[in-house]
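**Q**
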Amino acid sequence: KGEHIAYVRDRRLWAGPVTGTAQAITPKETNSDVHWGEAEFVAQEEMNRFNGFWWSPDEKRIAVERFDESMVGVVTRTAIGAEDTRTYQQRYPAAGTPNAEVSLWVMGPDGSNRVQVDLGADKDIYLARVDWAPDGKTLYVQRMNREQTVLDMLKVDPATGKASVLFTEKAADKHWIDLSDSYRFLSDGSLIWWSQRDGFGHLYRLKGGKWSQLTKGDWVVTGLVGVDEKGGKLYLTGTKDDVLANQVYAMDLNAPGKLTRITEPGWVNNASMDKSGQTLMITRASDAQPAQSFIADTSGKRLAWIEENKVAGAHPYAPYLASHRPAQFGTIPAKDGTPLHYMMITPPLEAGKKYPVFTYHYGGPTSQVVAKGFQGALAQAIVDKGYIYFAIDNRGSDNRGVKFASALHHAMGSVEVEDQLAGAMWLKQQPFVDADKISTFGWSYGGYMSIKMLEANPGAYAAGIAVAPVTKWQLYDTTYTERYLGDPGKLPQVYEKANALADTGKISDPLLIIHGMADDNVVFENASAIIAKLQGEAVPFEMMLYPGYTHRISGPKVSQHLYETIFRFLDRNGAGSGK
């Protein structure tokens, strides 16, 4: 209704009428590790949940999260800057260690009639999502187990906090629950719900206690865009026509499965919608067109530009449009025959000439690198320097279904390394490729991949660049790491094999490690661990460190320095273009 406001201050939730004065509506805790109205660290970092309080539609009640992180381990972080070094203490739930204890409460806008929601006897859970029914009479809570294999939708009486399980979603064997925001409670009491229960991410409807499947096929619904309840229409994004080009579709709720594409082929699209399901905001990009956004009606017809982003005149990419090189797409079979999508951008090829290759990869779960949208100025700049720019989406990457993603279950650093090698071997067979000049570059999980690729396949790559690489998974947080690798206390062998430290002695190709010295995501201990290991085994490598920079090393001059460092490294080691 917009009549009240709420905010967090001093670890308490404050609320009040917009026209009045706010007051603290949660208790003042003596323990500084207790927070009200905030999302705990792993919820924000790994579950895409940033809210810690939720107003009922009529604003007569508010659901509030309380978390206690006193049991979470304290780690010492050191941020080395250009002029000083700062050391600070942080509550950080590393893999296999305790998470914050989370509870949920419902109260009036003045803090009165406070009741605790019954989340069950097990305290070691994740509070994944919280939603009010449209009529405000029911609170729905998604509760997920620590292993991230079972999700319960709880139906809660906000007056008493009593909860019952509406339904349970279970992960497929050797998989995990992928949390999604593609769901919606409708005014008729039904629920539109995204699930991978048939092996692909699709939409279902729960109505009157019965499930019906709204979409199906060997493709993925990437998002629930909106619902026009009065008109009986649903709008979604998905890969029905092409896994490399997300499109927007309309569907009649009374005729499930019959989709009408409302966006143009040749574009990669994303969309959002107003609550009534009448107006769309579509963002799209193509090979030579950076992202542009517009308002559209429900047929997809453009009504007005938000940002046309036309590449002309003073547009920063306009001077380079004439030399823009189009991306080429295809598939390469993995070792088990699975088709892997690749993207390649080449300079204008001269007959008889062979070109070095700059391979870009990420490789980790929930990612998709190969798509038919705008690849960015960096890819074109690399091609302009005389390289072929190449990327391949290995098994474990996103939008190919459960089986494809499950390849990484308890097996990080295995099939994705194998599939990247398949791409390199295919490149070596191309007549325009210099087979002795194929380098590999990755950042974060991709940096981890660069190291694992050099360890697993000596001689296959001319050089490897690892930016901000994870090298020891025990250093990373509970939610992300345990989702894919399990509990390190129970599965130490899985972590030992996944880590990038055991096989450093096998590296024989040039390696460049780059890391920000104040990285608060992939902490610098990952770099120091592998640096010490390489030195202890007398393995030569090169290194570039950036004081004061976190996981994102960027800036007009710093970015230039980073990539010039990379290209000089490649030239110096016989893997460059010399341009």
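Going letter by letter, the sequence shown gives residues 24 to 602 in my numbering.
We put the CB at the ideal spot given by N, CA and C, even for glycine.
If you're wondering where the values come from, they're calculated on a predicted model, not measured in any experiment.
#1: In or out: V582 buried (at least 16 other Cβ within 10 Å) or exposed?
#2: Taking just the CA atoms, how far does A550 sit from K529?
#3: With which residues is I148 paired in a DSSP beta bridge?
#4: Taking the straight line between their C-alpha atoms, what separation do you get for V266 and E441?
#5: What span of residues does the alpha helix (DSSP H) with K233 cover, start to end?
#6: When you compare each of A86, K197, I411 to W78 by their alpha carbons, which one comes out closest?
#7: What is the residue span of the beta strand (DSSP E) that T245 lies within?
#8: Classify E68 as helix, strand or coil using the three-state DSSP reduction.
#9: Quick one: using the 10 Å Cβ neighbour count with 16 as the cut-off for buried, is T101 buried or exposed?
#10: Quick check on DSSP: helix, strand or coil for K178?
#11: Where DSSP assigns a beta bridge to Y365, which residues make up the other side?
#12: Helix or strand or just coil, what does DSSP make of L142?
#13: Residues in its own chain within less than 6 Å of A430 by CB, not counting five upstream and five downstream?
#14: Taking V545 and A491 to be in contact with their CB atoms under 8 Å, please state how far apart those CB atoms are, rounded to whole angstroms.
#15: Give me whichever residues DSSP pairs with W128 in a beta bridge.
#16: Out of curiosity, what's the CA-to-CA distance linking G39 and I305?
#17: From H584 to P379, what does the alpha carbon distance come to, in whole angstroms?
#18: Please report the distance separating the alpha-carbon of I537 from that of A319.
#19: Would you kindly report the start and end of the unbroken beta strand (DSSP E) that includes D459?
#20: Under 7 Å, do V98 and P121 count as touching if we go by C-beta distance?
#21: Taking 6 Å as the cut-off, is the beta-carbon of A350 closer than that to any non-hydrogen atom of the ligand GTP?
#22: Does the stretch 105-121 come close enough to the stretch 59-70 to have 3 or more Cβ pairs within less than 8 Å?
#23: Kindly indicate the opening and closing residues of the alpha helix (DSSP H) around N549.
#24: Just mark E287 as buried or exposed, buried being the case when its beta carbon has 16 or more other beta carbons within 10 Å.
**A** Reading from the atomic positions:
#1: Note that residue 582 corresponds to Ser in the displayed sequence, not to Val. By the 10 Å Cβ count, S582 comes out exposed.
#2: 18 Å
#3: N168
#4: 22 Å
#5: Run containing K233: none in the alpha helix (DSSP H); it sits in the beta strand (DSSP E), 233-236.
#6: A86
#7: 244-251
#8: helix
#9: exposed
#10: strand
#11: G353, I415
#12: coil
#13: R418, G419, V438
#14: 5 Å
#15: V87, Q139
#16: 36 Å
#17: 21 Å
#18: 44 Å
#19: 456-466
#20: no
#21: In terms of ligand content, the structure shown is empty, and the ligand GTP therefore cannot be addressed.
#22: yes
#23: 548-559
#24: exposed
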